[in-house]
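Sequence order for the protein chains is W and P. For the first sequence, the positions run 184 to 355 when my numbering is used. For the second sequence, the positions run 184 to 355 when my numbering is used. We put the CB at the ideal spot given by N, CA and C, even for glycine.
Number of protein chains: 2
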Amino acid sequence: MPNLEKQKNAAGKLIEFGMVRHTADEIAHRNHTDKGERPLRFQGQGKILLALSQDDGLSQKELATRLNLTVQSTAEFVNKLVKKDLVTKEKSTTDRRKTIIRLTDLGRTTADTETAKVPEFLNALTDTELDQFTSILTKLNASLYDEIDTADASQSGKVQQAVTDWLRDWFL
Amino acid sequence: MPNLEKQKNAAGKLIEFGMVRHTADEIAHRNHTDKGERPLRFQGQGKILLALSQDDGLSQKELATRLNLTVQSTAEFVNKLVKKDLVTKEKSTTDRRKTIIRLTDLGRTTADTETAKVPEFLNALTDTELDQFTSILTKLNASLYDEIDTADASQSGKVQQAVTDWLRDWFL
DNA sequence: CTTTTTAATCAGGTCCCCCTGACTAAAATT
DNA sequence: AATTTTAGTCAGGGGGACCTGATTAAAAAG
């Protein structure tokens with residue numbers, strides 16, 4: 184049975200980390216007011232970008248299924264991304280009902296820099312701490328995957344598979 | 184100079200942590216479909232709640248200034264919170280232009296449980312790991328505070344003060 | 001060669017975050 | 001007393017994440 188006090192401390196720091204990181208992001212975005220430069224996280228348009236950068240050239244339907252979205256929502260997000268020149272739409276030649284979505288160069292770059300960037304604050308850690316941090320996060324992630332599978336056994340492992348796939352490139 | 188490989192590993196795990204945590208939250212919310220039960224993070228209405236739980240009885244103007252919002256946005260969020268019975272509005276007796284915003288009991292509870300809950304996934308860590316995690320996060324937070332102060336020297340230390348104040352209760 | 005299924009689209013809606021502009025009521029100044 | 005500043009309000013708008021319902025075009029099946 185882990186020490187409750189220690190858990191509480193860690194939890195507090197984690198919350199703090201979330202808050203401070205959020206405000207840091209906010210300030211960073213306030214400064215270089217690059218017009219369209221938005222966060223794009225793991226929702227909506229961002230989700231689509233992520234999925235494509237892991238598996239380009241999907242149809243809208245496939246995207247929708249994979250991301251647990253309705254086709255209409257998917258269409259909306261895709262259209263918004265097209266307007267921003269991050270993806271392209273083209274009719275499939277083999278099945279002309281389908282619309283194939285592909286990342287543009289800009290889209291790929293965006294998706295990559297969105298995630299595949301070592302945050303500066305990691306410079307504050309020594310090698311030993313980095314190792315500790317990595318191993319701790321590995322444990323936490325495993326625990327979360329468990330939680331997800333327990334809550335939604337229907338697609339057990341699917342989430343983990345998706346995330347792992349997506350992260351694979353990034354580690355090479 | 185820290186090992187780049189190790190940094191990259193840690194960064195990857197951190198990103199993964201973010202993603203998995205997000206989907207875990209999503210699923211958790213999907214399950215108990217308690218109607219009004221929304222996330223309420225560090226934006227909009229959530230921000231207001233946080234600010235109040237740290238310093239109750241502020242005027243709308245003070246809230247707006249403190250949170251870097253326009254008074255109109257602030258009014259909007261406050262009104263929404265009033266509808267949810269999380270805060271109350273009352274005219275100040277000393278200056279009848281001012282509207283004082285106060286947390287209701289429900290509001291305080293909500294603000295607290297919003298943050299002050301030890302996430303289950305921390306159970307996956309041993310005492311030693313918890314200590315390591317805490318000390319690493321402390322370092323990361325410090326680094327982020329630095330980043331914020333550098334980028335926005337105007338209000339140097341203000342963010343940290345606010346966050347620290349807010350977290351104080353939670354640690355006792 | 002008709003049904004039926006499938007991939008998309010349009011229309012319209014809900015709720016969230018956040019802003020500008022115009023206007024009122026109450027203090028503070030002059 | 002007249003003016004200006006201050007705290008709020010209303011109206012309206014832009015974007016974002018999602019959804020349901022109705023309809024069309026193309027492929028698959030009967």
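- Looking at the unbroken alpha helix (DSSP H) that takes in Arg-280(P), where does it start and where does it end? No alpha helix (DSSP H) contains Arg-280(P), which DSSP labels as neither H nor E.
- Residues in its own chain within less than 8 angstroms of Ser-275(P) by CB, not counting five upstream and five downstream? Result list for Ser-275(P): Ser-242, Lys-281, Thr-282 and Ile-283, in chain order.
- Query: Which residues of chain W have a Cβ atom closer than 7 angstroms to the Cβ of Ile-319(P), listed in chain order?
  - Reply: Here the neighbours are Leu-308, Glu-312, Gln-315 and Phe-316.
- Message: So with CB distances below 8 angstroms, who are the chain W contacts of Arg-204(P)?
- Response: Going along chain W in sequence order, the residues near Arg-204(P) (Cβ under 8 angstroms) are Leu-327.
- Query: Touching or not, the segment 316-332 of chain W and the segment 262-277 of chain W, by the rule of three or more beta carbon pairs under 8 angstroms?
  - Reply: They do not touch, by the three-pair rule.
- Query: Taking Cβ to Cβ, would you say Thr-317(P) is nearer than 9 angstroms to Lys-196(W)?
  - Reply: With contacts defined as CB atoms closer than 9 angstroms, Thr-317(P) and Lys-196(W) qualify as a contacting pair.
- By Cβ distance below 8 angstroms, which residues in the same chain neighbour Leu-308(W) in space, the five residues on each side in sequence not counted? Within the same chain, Leu-308(W) has close Cβ partners Phe-316.
- Comparing alpha-carbon positions, which option in Glu-312(W), Pro-302(W) and Leu-327(W) lies nearest Ile-210(P)? For Ile-210(P), the nearest C-alpha among the options comes from Leu-327(W).
- Ranges of the alpha helix (DSSP H) found wholly within the segment 282-342 of chain W, counting only runs of at least 4: Runs found: 288-298 and 310-334.
- Whose Cβ in chain W lies nearer than 7 angstroms to the Cβ of Phe-200(P)? Per Cβ cutoff of 7 angstroms: Leu-320, Leu-323 and Asn-324.
- Message: Relative to the C-alpha of Gly-290(P), which candidate in Phe-225(P), Gly-229(P), Glu-199(P) and Ala-194(P) has its C-alpha closest?
- Response: The candidate whose alpha carbon is nearest that of Gly-290(P) is Gly-229(P).
- Interface residues of chain W around Ala-194(P) at Cβ under 8 angstroms? Neighbours of Ala-194(P) on chain W, chain order: Lys-300, Val-301, Pro-302 and Leu-305.
- Item | C-alpha gap between Asn-186(W) and Asp-310(P), whole angstroms | Cα atoms of Asn-186(W) and Asp-310(P): separation of roughly 6 angstroms, rounded to the nearest angstrom.
- Query: In chain P, what lies closer than 7 angstroms to Leu-197(W) by C-beta?
  - Reply: Within 7 angstroms Cβ-Cβ: Leu-320.
- Of all the CB atoms in chain P, is at least one closer than 9 angstroms to the CB of Glu-220(W)? In this predicted model, Glu-220(W) has a pLDDT of only 47, less than 50, meaning its place in the structure is not dependable enough to derive any value.
- With DSSP collapsed to three states, give me the class of Leu-235(W). Three-state DSSP puts Leu-235(W) in a helix.
- Query: The alpha helix (DSSP H) with Thr-253(W) in it runs from where to where?
  - Reply: Premise fails: Thr-253(W) is in no alpha helix (DSSP H) and is neither H nor E.
- Using the Cα positions of Ala-325(W) and Ile-198(W), report the straight-line distance between them to the nearest angstrom. Distance between the alpha carbons of Ala-325(W) and Ile-198(W): 20 angstroms.
- Query: chain W partners of Val-342(P), CB-CB under 8 angstroms?
  - Reply: Around Val-342(P), the beta-carbon contacts reaching into chain W at under 8 angstroms are Val-203 and Thr-206.
- Task: Might you give, ordered along the chain, the residues of its own chain that have their beta carbon closer than 6 angstroms to the beta carbon of Asp-217(P), omitting 5 neighbours on each side?
- Result: With a pLDDT of 47 at Asp-217(P), under the threshold of 50, the predicted position of this residue should be treated as unreliable, and no value is reported.
- Query: Hey, would you say Leu-246(P) sits closer than 9 angstroms to Val-261(P), going by beta carbons?
  - Reply: Val-261(P) sits close to Leu-246(P), with the two beta carbons spaced by under 9 angstroms.
- Query: Any C-beta of chain P sitting closer than 9 angstroms to the C-beta of Ile-331(W)?
  - Reply: At a cut-off of 9 angstroms between C-beta atoms, Ile-331(W) counts as an interface residue with respect to chain P.
- Task: Within the same chain, show all residues whose beta-carbon is closer than 8 angstroms to that of Ile-231(P), passing over the 5 residues directly before and after it, in chain order.
- Result: Excluding residues within five positions, the ones whose Cβ falls inside 8 angstroms are Leu-246, Leu-250, Thr-257, Phe-260, Val-261, Leu-264, Val-270 and Ile-284.
- Task: Give the C-beta separation of Met-202(W) and Val-346(P) to the nearest angstrom, bearing in mind that I take them to be a contact with Cβ-Cβ under 8 angstroms.
- Result: Yes, they are in contact, since the Cβ atoms of Met-202(W) and Val-346(P) sit about 5 angstroms apart, within 8 angstroms.
- Inter-residue Cα distance where the pair is Pro-302(P) and Val-342(W): Taking the straight line joining both Cα atoms gives about 20 angstroms.
- Message: Does any residue of chain P have a CB that is nearer than 9 angstroms to the CB of Val-270(W)?
- Response: Not one chain P Cβ lies under 9 angstroms of Val-270(W).
- Item | Collapsed DSSP secondary structure at Leu-241(W) in the structure displayed | Reduced to three states, the DSSP call for Leu-241(W) is strand.
- So which residues on chain W does Val-265(P) lean against when the C-beta distance must stay under 9 angstroms? Simply none; closest approach about 25 angstroms.
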